[in-house]
Structure formats: structure tokens, C-alpha cells
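Numbering (the UniProt record's numbering), first residue to last: 1 to 126.
A virtual CB, placed ideally from N, CA and C, is assigned to each residue, including glycine.
Printed below as a string of C-alpha cells:
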């Protein structure tokens, strides 16, 4: 199924459970896509949805955000769901901003919260 669209999943620590719950509620739709995720986020989503095709990359602070950014730049990621915690300081905030910048530059649809992710999923059911 090499022609499947690729979705990138990332969540800050305080949002990982919310992203896993979102994935569980939308498992049937997500099962149609190839998924890449940062390490811990991917693990949480796999725990909730063991049947999903998820490739886990490095943890965000250890380079996972940059790996996903590189995949965006090479055209390997079609859209991004990144549950951001705006109330907690992130030591790797520069990496997060770089990732978001790449998604904007390469015109990748990006959801930063659950409400937008729901809309993105509804719109991208193909």
C-alpha cells in the first residue's frame, strides 16, 4: 500500500493521552493511512490502537520533530496532527517552531488541537 497518504502524529507530554484517545475514536479512518509519530507519542497511540500502521521515530526532544520535518521537506508526509500544549514551556521549542515552519512552507495541512484535527480527519477521509 505504498500509495497511502502519510500522517504525522506528535503531542506534547500533557497532550499525549488526548491524542491517543483521538486516535482510538478515529481508528477506522486512521487505519487507511501510513502513520509516522515521534517515539513516546507513537507508543501511546499504539497502546490505544495496536492495529494501526505506525512507524515510531525518535522522541521529539531527541530529534523526532526534526525527522518529521525532514519527511515534510522530502514530500513524505501529507499532513500533520500536532497536539500542542501552549501552557508548558518546552526545552526543545526551537525544534517545534522549525517543524511548524516547514509544514507552513511546504503547505502541509496541520492541526494543532483536537477540534482542528477532527475537521482535518473529516475532510481527509480518502
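Beta-carbon contacts of residue i that lie in its chain and below 8 Å, excluding the five residues immediately before and after
i, result
"residue 43", "56"
"residue 66", "95, 98, 99"
"residue 58", "38, 39, 64, 67"
In DSSP terms, what residue i is bridged to
i, result
"residue 36", "8, 55"
"residue 81", "9, 111"
Between the CA atoms of residue j and residue i - distance to the nearest angstrom
i, j, result
"residue 70", "residue 123", "25 Å"
"residue 10", "residue 26", "16 Å"
"residue 46", "residue 28", "14 Å"
"residue 101", "residue 50", "31 Å"
"residue 38", "residue 63", "9 Å"
"residue 120", "residue 61", "26 Å"
"residue 106", "residue 48", "30 Å"
"residue 53", "residue 24", "13 Å"
"residue 75", "residue 93", "23 Å"
"residue 41", "residue 91", "17 Å"
"residue 36", "residue 108", "15 Å"
Contacting residues, own chain, Cβ-Cβ under 6 Å from residue i (five flanking each side not counted)
i, result
"residue 19", "11, 83"
"residue 33", "4, 5, 7"
"residue 1", "Caution applies to residue 1, whose pLDDT of 41 falls short of 50 and renders its modelled position unreliable; the value that the coordinates give is listed next. Correct list: empty, nothing qualifies."
Residues near residue i by beta carbon distance below 7 Å, same chain, minus five either side
i, result
"residue 117", "22, 81, 111"
"residue 103", "72, 80, 110"
The stretch 12 to 30 in contact with the stretch 77 to 97 per 3-pair CB rule at 8 Å: yes
The stretch 70 to 83 / the stretch 97 to 115 touching (three or more Cβ pairs under 8 Å): yes
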